[in-house]
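Let me begin by presenting the structure, written as structure tokens, before commenting on it.
Protein chains: 2
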Amino acid sequence: MLSDGVIYPLVFADVALFSIQEQGLCVLLARRTNEPEANKWALPGGILKPKIDASLDQTALRVIRDKVGVSAGCVEQVRLFSGETRDPRGYSLSLLYCALLSKDQACAVAGLKTSKVCWVSAELATAKELAFDHGVMLAEALQFLRAKVKHRALPLHLLNATFSLLDLQDACSLILGSPVDKSSFRRRMKAEAGIRPVPGQFREGAYRPAQLYQATPGFQF
Amino acid sequence: MLSDGVIYPLVFADVALFSIQEQGLCVLLARRTNEPEANKWALPGGILKPKIDASLDQTALRVIRDKVGVSAGCVEQVRLFSGETRDPRGYSLSLLYCALLSKDQACAVAGLKTSKVCWVSAELATAKELAFDHGVMLAEALQFLRAKVKHRALPLHLLNATFSLLDLQDACSLILGSPVDKSSFRRRMKAEAGIRPVPGQFREGAYRPAQLYQATPGFQF
DNA sequence: ATAATAGTGTCTCTAAGACACTATCCG
DNA sequence: CGGATAGTGTCTTAGAGACACTATTAT
């Protein structure tokens, strides 16, 4: 039992928080300040505090709030990692979460410059050596995200509240790591219940304006 | 902390163990013998014993061994349920597992007649009132199983080591709750890497013999 | 006009659904 | 032979991939 009144030690929520930046699909990494594995990069995580967290899902949300100061649009369980050897402090349970952050919010995070957390290209991050078993975790979170998008889920939570179809297409293409055909994509989107055009709203800018879309009320990633 | 030396109380593995019986798709329910919720039906579950279980997945396997005396072919995490109110003993974590048992093994279980566990039609079981939040759990486990089969995963672990294509088709159809077209199904199976015909092996019996199949070595549900 | 981005049309190919058909066993 | 189950052929349709095409804006 830990000294600070936490009754259930070594139950963690670890979060793979994704966003889209200039470098492409990125994941938020945090540099560990304490032992064990101090100074290594890790997925941001936090210990379950039963007094505060109504559920472990709430722990994950709290971790995101604490690390980046905003609330993620979509937080989902991926898999539980458990065992005696994965953390030197003892038998531990870590529930891995996959979360998505909108471009707006991700930019706010990037502006923090706390030096404790930073966005790293997902591809680069998987090559990095991470603390504990977070390398495996990141790989699984990525696979989880890719599988969902491949099965035609729309990663709207990575985008702003209104977005053009090309924004969405680019997001899918970045996640999948392969180009997405414009015509077939738009054909699918016409029949898609999850999004709808916002009448009269266009992305103004250079060249031809683009119709803007938004998620329909009941949308679930 | 519990008295019997278990250090991490209230971490459970609860298992929705499915098999195919005469009544169709069935789930194993256990009648609770102890408080709380004594005498209610529940998904079989067990507490994490860090000294014994190398991981919580091992707890799930142990639960299955203890309850039915055989090892399940396929055990997968579905979702973690957690919170203060779901179990009167205090803040608890329950990782729900979905597991499949082959017909051979399921029959052995049915023969046990321990009166502590029994196979209940999945449809009926969802209508029953179960202990704790096990009703929600069962619903999610079923949805998990259906989603996998809908996405063309093959529930081979519900069948014996060798099986006819009709056995497999019937299993899919029972899980999905809707008929599956024979011709399209067999067409798919011809191109399916997960199974292969066993040369020269046929189901003998009344009328025309059926070619038997088996899972290919690397098969994963 | 030209560049650049937004959005459409159309051909092809694959795979699924529907359902009628043939094949092989038993007695 | 007929009855029952095993397995095939074929028509149609829905949707994805490929890719060339048109449309609308700014300069």
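So the protein lines, in turn, are chains V and E.
Here our numbering is used: the first residue of the first sequence is 1, the next is one more, and so on.
Here our numbering is used: the first residue of the second sequence is 1001, the next is one more, and so on.
Beta carbons: idealized from backbone N, C-alpha and C, even for Gly.
Check: Under 8 Å between C-beta atoms of Pro-1050(E) and Glu-22(V); Outcome: no
Check: Per-residue DSSP class, three states only, for Thr-1126(E); Outcome: helix
Check: Classification of Asp-57(V) by the beta-carbon crowding that lies within 10 angstroms, buried from 16 upward; Outcome: buried
Check: Per DSSP, the bridge partner or partners of Ser-1164(E); Outcome: Leu-1212(E)
Check: Cross-chain neighbours of Val-1075(E) in chain V, by beta carbon under 8 Å; Outcome: Per Cβ cutoff of 8 Å: no residues; Val-1075(E) is ~13 Å from chain V at best.
Check: Exposure label - Pro-36(V); buried when at least 16 CB within 10 Å; Outcome: exposed
Check: Counterpart residues of Ala-1072(E) in DSSP-defined beta bridges; Outcome: For Ala-1072(E), which the question treats as bridged, DSSP gives no partner whatsoever.
Check: Partner residues on chain E for His-151(V), Cβ-Cβ distance less than 9 Å; Outcome: His-1151
Check: Ile-1195(E) in three-state terms, based on DSSP; Outcome: strand
Check: For Leu-1154(E), three-class secondary structure by DSSP; Outcome: coil
Check: Short CB-CB distance (under 8 Å) between Glu-84(V) and chain E; Outcome: yes
Check: Candidates Ser-1055(E), Gly-1194(E), Ala-1161(E), Ala-1122(E): closest to Leu-1029(E) by CA position; Outcome: Ala-1122(E)
Check: Paired residues, beta bridge with Leu-80(V) - DSSP; Outcome: Leu-95(V)
Check: Beta-carbon proximity list for Leu-150(V), same chain, < 8 Å, skipping 5 on both sides; Outcome: Contrary to the premise, residue 150(V) reads as Lys rather than Leu in this sequence. The answer, listed in chain order, is Leu-176.
Check: Cβ-Cβ distance between Leu-80(V) and Glu-140(V) below 8 Å; Outcome: no
Check: Any C-beta of chain V under 8 Å from that of Phe-1219(E); Outcome: no
Check: Beta-carbon neighbours of Arg-79(V), restricted to chain E and to distances below 8 Å; Outcome: Gln-1077
Check: Under 7 Å by beta carbon: chain E residues contacting Pro-197(V); Outcome: What Pro-197(V) touches in chain E: nothing, since even the nearest Cβ is about 30 Å away.
Check: Assigned secondary structure, Gln-201(V) (DSSP; H/G/I helix, E/B strand, else coil); Outcome: strand
Check: 7 Å Cβ shell around Arg-31(V) - same chain, five flanking residues per side excluded; Outcome: Asn-39, Trp-41, Lys-116
Check: Cross-chain neighbours of Ala-54(V) in chain E, by beta carbon under 8 Å; Outcome: Gly-1083, Glu-1084
Check: Residues of the segment 110-144 of chain V with Cβ closer than 7 Å to any Cβ of chain E, in chain order; Outcome: none
Check: Neighbourhood of Val-1027(E) by C-beta distance below 7 Å, restricted to the same chain and skipping five residues each side; Outcome: Ala-1016, Leu-1017, Phe-1018, Val-1120, Ala-1122, Ala-1125, Leu-1138
Check: Counterpart residues of Phe-1012(E) in DSSP-defined beta bridges; Outcome: Ile-1047(E), Ser-1094(E)
Check: Per-residue burial, Tyr-1207(E) [other beta carbons within 10 Å of its own, 16 or more giving buried]; Outcome: exposed
Check: Rounded separation between Asp-1133(E) and Ile-52(V) - CA only; Outcome: 21 Å
Check: Residue-chain proximity (Val-1011(E), chain V), Cβ-Cβ < 8 Å; Outcome: yes
Check: Beta-carbon neighbours of Leu-154(V), restricted to chain E and to distances below 9 Å; Outcome: Ordered by position in chain E, no residue passes the 9 Å Cβ test against Leu-154(V), which lies about 17 Å from the chain.
Check: Residue-level contact to chain V via CB, Leu-1096(E), 8 Å cutoff; Outcome: no
Check: 3-residue-minimum beta strand (DSSP E) runs that sit fully inside the segment 1019-1064 of chain E, ordered along the chain; Outcome: 1024-1031, 1045-1047
Check: Given Cys-1107(E) as reference, the closest of Arg-1086(E), Leu-1158(E), Leu-1093(E), Ala-1147(E) once Cα atoms are compared; Outcome: Leu-1158(E)
Check: Where Ser-1121(E) falls: helix, strand or coil (DSSP); Outcome: strand
Check: Start and end residues, alpha helix (DSSP H) containing Lys-1116(E); Outcome: Counting along the chain, Lys-1116(E) falls outside any alpha helix (DSSP H), and DSSP gives it neither H nor E.
Check: Any chain E beta carbon closer than 8 Å to Leu-2(V); Outcome: Low confidence applies to Leu-2(V): its pLDDT is 40, below 50, so where it sits in the model is not reliable, and the reading given next is rough at best. Not an interface residue.
Check: Coil, strand or helix - Leu-101(V) by DSSP; Outcome: coil
Check: CB contact flag (Leu-1156(E), Phe-1221(E), <8 Å); Outcome: yes
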